[in-house]
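J.: Residue numbers (this note's numbering): 1 to 185. Heads up, the beta-carbon is just placed ideally off N, CA and C, and yes, glycines get one too.
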Amino acid sequence: MEWYKLIAALHVIAMVSFFAGSFHVLRLFIHHKDAEKKFDPERAILVKQFTGMERFGWYGIAWPSLVLMVLSGAWLLIKNPGLMTESWMYAKLGFSALLIVYHLINQRLFDRIRTNRLRWGGAGIRLWNLGAVAFLFALVFLVAMKASLGTMWGLLGALFLGIAIALAVMMYRNKRSADPGAKEA
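(1) Just the C-alpha distance for F18 and Y102, rounded to the nearest angstrom, thanks.
(2) The alpha helix (DSSP H) with Y59 in it runs from where to where?
(3) Using CA atoms only, rank isn't needed, just tell me which of Y4, D111, L109, H31 is closest to V47.
(4) Over the uninterrupted alpha helix (DSSP H) stretch that includes E21, give me the two end residues.
(5) Flag this pair as touching only if the region 103-113 and the region 48-68 have three or more C-beta atom pairs under 8 Å; answer yes or no.
(6) Tell me whether V67, by its Cβ, gets closer than 8 Å to a heavy atom of the ligand GTP.
(7) For A185, which of helix, strand or coil comes out of DSSP?
(8) Taking Cβ positions, are I61 and G94 nearer each other than 9 Å?
(9) Pull up the distance between the alpha-carbon of F29 and that of L98, whole angstroms please.
(10) Among L142, M171, P81, A9, whose alpha-carbon lies nearest the alpha-carbon of A91?
(11) Taking DSSP as the reference, what is the three-state secondary structure of N106?
(12) Considering Cα atoms alone, identify which of D34, V140, A138, V67 is closest to G122.
(13) So which of K37, L104, A138 has the shortest CA-CA distance to R119?
(14) Could you check the C-alpha separation between R114 and Q49 for me, to the nearest Å?
(15) Got a sec? Which residues, its chain only, sit under 8 Å from I100 by beta carbon, not counting five neighbours each side?
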């Protein structure tokens, strides 16, 4: 059982690292898009710097963490198949599958920004980045509360968080559009 606890700890570390890498890289995308609006030579210097930072964050942190998270999670399920009798585990696996889809979409964004074909602006990337917050919220609460919370309440909580985030972003955008001289954060 000691190996089980070690793998469980690695699973949590991989999850935290994955989210940190994803948040970081998407934030770099925002700065990258802002740098593209500048004039040379500043634009060229910044885009080159952000491209390198994005590559390291993506292939050095986010992807390896995702692989470790999936492998350690699978190992935990193999060693403890009784988890598959729990309804919260099916919700966790569903959110995890959606998280992998989210990551693959981020890969597409990564590929597009590297070839200067990403059409999204900073506000769109910010909103997309908040999607990972909703996944993190849903997964952590689902695992922490397990059966005591109930799967339906976990799903409703994630939906409520998503709506709250969307409203916050819309309010932020409205405030920004009312103050055209404000510098984007």
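T.: So, from the data block:
(1) In the sequence shown, residue 18 corresponds to position 18, counting from 1. In the sequence shown, residue 102 corresponds to position 102, counting from 1. Taking the straight line from one Cα to the other gives about 12 Å.
(2) What you label residue 59 is simply residue 59 of the sequence shown in a count that begins at 1. Note, Y59: premise wrong, no alpha helix (DSSP H); not H, not E.
(3) Position 47 of the sequence shown, counted from the first residue, corresponds to residue 47. Considering only alpha carbons, the answer is H31.
(4) Translated into the one-based positions of the sequence shown, residue 21 becomes position 21. With the sequence shown as reference, residue 21 is identified as Gly, and Glu is not the correct amino acid for it. Its alpha helix (DSSP H) spans residues 2-35.
(5) As far as the Cβ criterion goes, the region 103-113 touches the region 48-68, which means the pair count is three or higher.
(6) Of the ligands one can find in the structure shown there are none, so the ligand GTP has no counterpart to examine.
(7) Position 185 of the sequence shown, counted from the first residue, corresponds to residue 185. Only weak support is given to the placement of A185: the predicted model assigns it a pLDDT of 48, under 50, and the value that follows is read from those uncertain coordinates. Coil at A185, not helix or strand.
(8) Position 61 of the sequence shown, counted from the first residue, corresponds to residue 61. Position 94 of the sequence shown, counted from the first residue, corresponds to residue 94. Contact flag unset, no.
(9) As a working mapping, residue 29 is identified with position 29 in the sequence shown. As a working mapping, residue 98 is identified with position 98 in the sequence shown. Going by the C-alpha atoms only, they are around 21 Å apart.
(10) Here residue 91 is taken as the residue at index 91 of the sequence shown, counted from 1. Checking every option, the nearest Cα to that of A91 belongs to L142.
(11) Here residue 106 is taken as the residue at index 106 of the sequence shown, counted from 1. Residue state, collapsed to three classes: helix.
(12) For the purposes of this step, residue 122 is taken as the residue at position 122 of the sequence shown. Checked all of D34, V140, A138, V67; the closest Cα to G122 is D34.
(13) On the sequence shown, residue 119 is found 119 positions in, with the first residue counted as 1. Of the candidates K37, L104, A138, the one whose C-alpha sits nearest the C-alpha of R119 is K37.
(14) As a working note, residue 114 is residue 114 in the sequence shown. As a working note, residue 49 is residue 49 in the sequence shown. Rounded to the nearest angstrom, the two C-alpha atoms are 12 Å apart.
(15) Position 100 of the sequence shown, counted from the first residue, corresponds to residue 100. L66, V70.
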